[in-house]
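Asker: Last residue of the sequence shown? That's 588 in UniProt numbering, and every number before it is there in order.
Virtual Cβ for every residue (Gly too), placed ideally from N, Cα, C.
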Amino acid sequence: MAGLKERFQAFVNNRWLVFVAAMWMQSCTGPGYIFGSISPVIKSSLNYNQRQLSKLGVAKDLGGSVGFIAGGLCEMLPMWGVLLIGALQNLIGYSSLWLIVTGKVPVFPLWAMCVLIFVGHNGETYFNTAALVSCVQNFPKSRGPVVGILKGFAALSGAILTQIYTMINFPDQASLIFMVAVGPTMVVFALMFIIRPVGGHKEVRPSDGLSFTVVYSVCLLLAAYLMAIMLLEDLVSVSHNLITIFTLILFVPLFIPIVLSFCERHRDPAEEVLLPKPYQHDAGNPEQDTREHEVVSSEFKDENPEEVDSLVVPEGQKRIAQLQAKLFQATAEGAVRLKNRKGPHRGEDFTLMQALIKADFWLIMFSLLLGSGSGLTVIDNLGQMSQSLGYDNTHIFVSMICIWNFIGRVGGGFISEIIVRDHAYPRPIVIVVAQLVMAVGHVFFAMGWPGAMYIGTLLIGLCYGAHWAIMPATVSELFGLKKFGALYNFLNLANPAGTLVFSGVIASRIYDREAEKQARQHHIQSHISGSIFSGMLAADESLNCEGSICFFLSSMIMSGFCIIAVILSMILVYRTKTVYAHLYGKSC
Numbered sequence: 001m002a003g004l005k006e007r008f009q010a011f012v013n014n015r016w017l018v019f020v021a022a023m024w025m026q027s028c029t030g031p032g033y034i035f036g037s038i039s040p041v042i043k044s045s046l047n048y049n050q051r052q053l054s055k056l057g058v059a060k061d062l063g064g065s066v067g068f069i070a071g072g073l074c075e076m077l078p079m080w081g082v083l084l085i086g087a088l089q090n091l092i093g094y095s096s097l098w099l100i101v102t103g104k105v106p107v108f109p110l111w112a113m114c115v116l117i118f119v120g121h122n123g124e125t126y127f128n129t130a131a132l133v134s135c136v137q138n139f140p141k142s143r144g145p146v147v148g149i150l151k152g153f154a155a156l157s158g159a160i161l162t163q164i165y166t167m168i169n170f171p172d173q174a175s176l177i178f179m180v181a182v183g184p185t186m187v188v189f190a191l192m193f194i195i196r197p198v199g200g201h202k203e204v205r206p207s208d209g210l211s212f213t214v215v216y217s218v219c220l221l222l223a224a225y226l227m228a229i230m231l232l233e234d235l236v237s238v239s240h241n242l243i244t245i246f247t248l249i250l251f252v253p254l255f256i257p258i259v260l261s262f263c264e265r266h267r268d269p270a271e272e273v274l275l276p277k278p279y280q281h282d283a284g285n286p287e288q289d290t291r292e293h294e295v296v297s298s299e300f301k302d303e304n305p306e307e308v309d310s311l312v313v314p315e316g317q318k319r320i321a322q323l324q325a326k327l328f329q330a331t332a333e334g335a336v337r338l339k340n341r342k343g344p345h346r347g348e349d350f351t352l353m354q355a356l357i358k359a360d361f362w363l364i365m366f367s368l369l370l371g372s373g374s375g376l377t378v379i380d381n382l383g384q385m386s387q388s389l390g391y392d393n394t395h396i397f398v399s400m401i402c403i404w405n406f407i408g409r410v411g412g413g414f415i416s417e418i419i420v421r422d423h424a425y426p427r428p429i430v431i432v433v434a435q436l437v438m439a440v441g442h443v444f445f446a447m448g449w450p451g452a453m454y455i456g457t458l459l460i461g462l463c464y465g466a467h468w469a470i471m472p473a474t475v476s477e478l479f480g481l482k483k484f485g486a487l488y489n490f491l492n493l494a495n496p497a498g499t500l501v502f503s504g505v506i507a508s509r510i511y512d513r514e515a516e517k518q519a520r521q522h523h524i525q526s527h528i529s530g531s532i533f534s535g536m537l538a539a540d541e542s543l544n545c546e547g548s549i550c551f552f553l554s555s556m557i558m559s560g561f562c563i564i565a566v567i568l569s570m571i572l573v574y575r576t577k578t579v580y581a582h583l584y585g586k587s588c
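#1: From which residue to which residue does the alpha helix (DSSP H) around Met472 run?
#2: Identify whether Ser237 lies in helix, strand or coil by the three-state DSSP scheme.
#3: Can you tell me which of the three DSSP states His345 falls into?
#4: Measure the C-alpha to C-alpha separation of Gln288 and Phe361 and round it to an integer number of angstroms.
#5: How should Thr213 be labelled, buried or exposed, when 16 other C-beta atoms within 10 angstroms of its C-beta is the threshold for buried?
#6: Could you check which residue in His240, Met453 and Cys219 has the C-alpha nearest to that of Val252?
#7: Is the stretch 47–61 touching the stretch 370–385 in the sense that three or more CB pairs, one from each, lie closer than 8 Å?
#8: Pop quiz: Trp80 and Ala174 are said to be a contact at Cβ under 8 Å. What is the actual Cβ separation, rounded to whole angstroms?
#9: Tell me which same chain residues have a C-beta within less than 6 Å of the C-beta of Ile229, skipping the five on either side of it?
#10: Consult DSSP for Lys301 and reduce its assignment to one of helix, strand or coil.
#11: Examine the Cβ distances between the stretch 398–406 and the stretch 158–166 and report whether three or more of them are shorter than 8 Å.
#12: Hey, how far is the Cα of Ile177 from the Cα of Ile164?
#13: Quick check on this structure: which residue in Val105, Phe552, Val101 and Ser65 has the alpha carbon closest to the alpha carbon of His121?
#14: Can you have a look at Thr129 and say buried or exposed, based on whether 16 or more other CB atoms are within 10 angstroms of its CB?
#15: Within the continuous alpha helix (DSSP H) that includes Arg196, where are the two ends?
#16: With DSSP run on the structure shown, which of helix, strand or coil describes Gly103?
#17: Quick one: grab the DSSP three-state call for Val501.
#18: Quick one, which of Phe68, Pro109, Gly30 and Ser37 has its alpha-carbon nearest Leu150's?
#19: In whole angstroms, give me the CA-to-CA distance for Ile524 and Leu222.
#20: State the Cα-Cα distance for the pair Arg346 and Phe479, rounded to the nearest angstrom.
#21: How is the alpha helix (DSSP H) around Leu583 delimited, first residue to last?
#22: Cβ atoms of Met558 and His442: under 7 Å apart, would you say?
#23: Assuming Ala486 and Gly72 form a contact by the criterion Cβ under 8 Å, report the distance between their Cβ atoms to the nearest whole angstrom.
#24: For Ile249, I'd like the list of residues in its chain whose CB is within less than 8 Å of its CB, leaving aside the five on either flank, ordered along the chain.
#25: Between the stretch 454–465 and the stretch 430–440, are three or more C-beta pairs nearer than 8 Å?
#26: Only counting the same chain, and skipping five residues up and downstream in sequence, which positions put a Cβ closer than 6 Å to that of Gly67?
#27: Where does the unbroken alpha helix (DSSP H) through Trp24 begin, and where does it stop?
#28: Which residues bound the alpha helix (DSSP H) around Phe118?
#29: Considering Cα atoms alone, identify which of Leu459, Ser211 and Tyr391 is closest to Glu546.
#30: In the structure shown, what three-state DSSP assignment does residue 594 receive?
#31: Could you say if the stretch 187–196 and the stretch 78–95 meet the contact criterion of at least three C-beta pairs nearer than 8 Å?
#32: Would you please verify whether the beta carbon of Pro106 is less than 7 Å from any beta carbon of chain D?
#33: If Arg143 sits next to Ser476, beta carbons under 8 Å apart, how far is it from one beta carbon to the other, in whole angstroms?
#34: Could you work out which residue in Met23, Gly63 and Ala565 is closest to Phe366 when comparing CA atoms only?
#35: Taking only three categories from DSSP, how would you classify Val66?
Here you go:
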């Protein structure tokens with residue numbers, strides 16, 4: 001009986017079980033990525049124009065990025081408490097939005113709607129922070145794959161939720177909001193006691209490489225399967241029974257990684273000692289230096305035989321005095337260096353305030369703001385972009401960009417890990433390539449060529465996902481893990497800052513201006529043809545723009561800013577070459 005209890009405790013405290021549970025939670029707790037699917041019904045039900053809808057989108061992005069409270073609570077509360085708060089926020093915010101959109105309660109002012117969607121989407125920061133902090137602490141030597149996989153499943157959640165919505169066959173599109181409110185909350189309640197940092201040895205094991213390979217394979221299998229059934233449902237009329245079968249098969253790959261929890265054998269403490277331990281060197285510990293100096297001094301003193309004490313300055317004591325003088329001089333110089341040293345060096349543990357005065361941190365921040373912010377603007381406006389080009393089913397593009405986003409995150413983490421482990425190159429070099437490709441993706445959206453939506457969705461999704469696999473891992477390497485929660489959540493502010501500029505100021509204004517032009521032309525044509533009443537009715541409806549002109553200028557502007565982001569990322573690569581050579585040079 002005691003052996004069974006020990007095996008159960010070992011299973012519950014298995015870091016791979018925590019990782020798999022975090023993957024499950026992330027796979028259905030990223031409702032922000034399906035804003036492009038719910039925004040058309042919000043716009044039509046509440047009679048919003050594009051500028052008002054963009055304000056709602058910015059509030060949503062702000063809620064998904066302001067995670068200081070979540071980061072702080074991770075240091076004060078157990079992880080289940082953090083997840084509970086996030087689940088309640090998600091339920092309250094999105095269920096209130098659903099009640100308003102369906103007309104069950106009166107419509108709130110725009111600012112109140114922004115508060116509601118902020119509260120609902122802010123719950124996601126609690127989920128992300130708890131999952132990342134727990135798993136990065138459990139796998140400190142595999143940050144790239146861990147961050148890439150977890151953030152990837154958060155991106156894939158949009159496609160998974162959309163497929164479940166299609167299977168349930170709700171009577172209206174507003175029901176997707178209800179599912180977003182209830183579904184993630186139920187999953188978090190089921191898993192919140194499993195996701196946490198666990199004890200035990202956390203160094204790289206020989207089996208870790210195979211385990212991560214299995215997880216990557218499952219990720220690619222899941223993404224390929226989702227893409228196949230999404231395209232099939234879009235191109236061919238599929239019966240509801242077949243959709244149900246497709247959706248049930250979708251959950252099979254999600255259960256495969258649970259095998260990893262049984263594969264990692266529990267080791268005795270004596271075996272754990274034999275595993276390699278991390279190299280620890282505290283250059284700034286004066287107490288340790290003092291102890292070492294005391295030992296050396298005592299050794300010198302022990303070398304003095306008592307017989308020579310009566311001699312007047314014997315030769316041996318001169319030698320000891322000279323060595324002690326040099327020793328104390330070195331100690332004094334070391335103390336001066338410690339006094340003059342302002343904060344930790346890159347690669348050590350930083351607090352948020354210490355990181356904020358470093359140029360590298362702001363290079364990461366502004367590179368994310370321009371690159372990731374422009375990508376998220378496309379994701380938020382994908383419903384209107386596809387409608388303007390004549391596509392009726394916006395769900396397919398929202399699901400596709402979620403899948404490409406997922407592959408970008410998983411692939412970005414995998415490729416960047418190869419670069420740093422095998423070559424000791426800076427991890428942000430992958431971001432340079434991603435931002436160049438993202439600039440090309442914006443050009444495809446601007447041109448509106450046949451099939452451009454599919455290609456643009458592919459390029460933007462992959463590159464946006466790569467940002468959020470690589471940058472958090474980069475921050476943990478340059479600024480440490482001790483305050484990673486606070487650093488990560490501050491970094492998340494790049495998303496709402498970017499969408500505030502690109503979507504709230506640029507894209508929405510250009511869209512509404514073009515929509516007003518088309519509405520005036522339509523009104524003039526209707527008046528000439530005698531259809532005055534149709535023009536009056538159109539004035540009461542929300543303005544819609546048609547054609548590639550709607551997002552041409554805004555997409556070209558975002559493409560230009562992506563080039564600026566490339567320059568910032570190249571500067572970051574140049575500045576961090578020595579850091580990565582020091583961190584990973586010995587392992588190459």
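Answerer: Taking the coordinates as given:
#1: The residue you call residue 472 lines up with position 472 of the sequence shown. Here residue 472 turns out to be Pro, not Met, going by the sequence shown. Residues Ala452 to Phe479.
#2: For the purposes of this step, residue 237 is taken as residue 237 along the sequence shown, with counting starting at 1. Coil at Ser237, not helix or strand.
#3: Residue mapping note: residue 345 aligns to position 345 of the sequence shown, counting from 1. In this structure, His345 counts as coil in the three-state DSSP scheme.
#4: Locating residue 288 in the sequence shown gives position 288, counting from the first residue. Locating residue 361 in the sequence shown gives position 361, counting from the first residue. For Gln288, the predicted model reports a pLDDT of 41, less than 50, meaning its position is unreliable; a value from the coordinates is still stated below. Cα to Cα, the separation comes out at about 31 Å.
#5: For this step, residue 213 is matched to residue 213 along the sequence shown. Its Cβ having fewer than 16 others within 10 Å, Thr213 is exposed.
#6: Indexing the sequence shown from 1 puts residue 252 at position 252. Of the candidates His240, Met453 and Cys219, the one whose C-alpha sits nearest the C-alpha of Val252 is Cys219.
#7: Yes: the two stretches touch, three or more of their Cβ pairs being nearer than 8 Å.
#8: As a working note, residue 80 is residue 80 in the sequence shown. As a working note, residue 174 is residue 174 in the sequence shown. For a cut-off of 8 Å, the C-beta gap from Trp80 to Ala174 is around 32 Å, too long to register as a contact.
#9: Here residue 229 refers to the residue found at position 229 when the sequence shown is read from its first residue. Short of 6 Å from the beta carbon of Ile229, and not among the five residues preceding or following it, lie these beta carbons of its own chain, in chain order: Phe246.
#10: Numbered from its first residue, the sequence shown carries residue 301 at position 301. Its pLDDT being 37, under 50, Lys301 is placed unreliably in this model, and the value from its coordinates should be taken loosely. Three-state DSSP puts Lys301 in a helix.
#11: Contact holds: three or more Cβ-Cβ distances are below 8 Å.
#12: Position 177 of the sequence shown, counted from the start, is the residue given in the question as residue 177. Position 164 of the sequence shown, counted from the start, is the residue given in the question as residue 164. Rounded to the nearest angstrom, the two C-alpha atoms are 13 Å apart.
#13: Locating residue 121 in the sequence shown gives position 121, counting from the first residue. Of the listed residues, the one whose Cα sits closest to His121 is Ser65.
#14: Along the sequence shown, read from residue 1 onward, the residue named residue 129 stands at position 129. The residue in question, Thr129, is buried, as its Cβ has 16 or more Cβ neighbours within 10 Å.
#15: As a working note, residue 196 is residue 196 in the sequence shown. Element bounds for Arg196: n/a, residue is neither H nor E.
#16: Residue 103 sits at position 103 when you count from the first residue of the sequence shown. For Gly103, the three-state secondary structure derived from DSSP is coil.
#17: For the purposes of this step, residue 501 is identified with residue 501 of the sequence shown, where counting begins at 1. Under the three-state reduction of DSSP, Val501 is assigned to helix.
#18: For the purposes of this step, residue 150 is taken as the residue at position 150 of the sequence shown. Measuring from the Cα of Leu150, the nearest candidate turns out to be Gly30.
#19: Position 524 of the sequence shown, counted from the first residue, corresponds to residue 524. Position 222 of the sequence shown, counted from the first residue, corresponds to residue 222. When rounded, the distance between both Cα atoms is 51 Å.
#20: For the purposes of this step, residue 346 is identified with residue 346 of the sequence shown, where counting begins at 1. For the purposes of this step, residue 479 is identified with residue 479 of the sequence shown, where counting begins at 1. The C-alpha of Arg346 lies about 6 Å from the C-alpha of Phe479.
#21: Numbered from 1 along the sequence shown, position 583 holds the residue referred to as residue 583. First-last of the alpha helix (DSSP H) with Leu583: Lys577 to Tyr584.
#22: Your numbering for residue 442 matches position 442 in the sequence shown. Your numbering for residue 558 matches position 558 in the sequence shown. Going by C-beta atoms, His442 is nearer than 7 Å to Met558.
#23: Indexing the sequence shown from 1 puts residue 486 at position 486. Indexing the sequence shown from 1 puts residue 72 at position 72. Their Cβ separation, rounded to whole angstroms, is 7 Å, which keeps Ala486 and Gly72 in contact under 8 Å.
#24: For this step, residue 249 is matched to residue 249 along the sequence shown. Sequence-distant partners of Ile249 (beyond 5 residues in either direction) whose C-beta falls short of 8 Å from its own C-beta, in its chain, are Tyr225.
#25: Yes, they touch.
#26: Along the sequence shown, one-based indexing puts residue 67 at 67. Annotation for Gly67: Thr125, Thr129, Asn489 and Asn492 place their beta carbon closer than 6 Å to its own, counting only its chain and skipping 5 residues before and after.
#27: Within the sequence shown, residue 24 is the residue found at index 24, counting from 1. It spans Arg15 to Gln26 - the alpha helix (DSSP H) in which Trp24 sits, taken as one unbroken run.
#28: By 1-based counting over the sequence shown, the position of residue 118 is 118. Note, Phe118: alpha helix (DSSP H), Leu110 to Asn138.
#29: Position 546 of the sequence shown, counting from 1, holds the residue named residue 546. Ranking Leu459, Ser211 and Tyr391 by CA distance to the CA of Glu546 puts Tyr391 first.
#30: Residue 594 is absent from the structure shown; the chain starts at 1 and stops at 588.
#31: The stretch 187–196 makes contact with the stretch 78–95; the number of CB pairs closer than 8 Å reaches 3 or more.
#32: Structure shown: chain D not included; a single protein chain is present.
#33: On the sequence shown, position 143 is the one that residue 143 refers to. On the sequence shown, position 476 is the one that residue 476 refers to. So it is a contact: roughly 5 Å between Cβ atoms.
#34: As a first step, residue 366 must be located in the sequence shown, where it is residue number 366. Among Met23, Gly63 and Ala565, the Cα nearest to that of Phe366 belongs to Ala565.
#35: Counting from one through the sequence shown, the residue named residue 66 turns up at place 66. Looking at Val66 - three-state DSSP - the assignment turns out to be coil, as it is neither helix nor strand.
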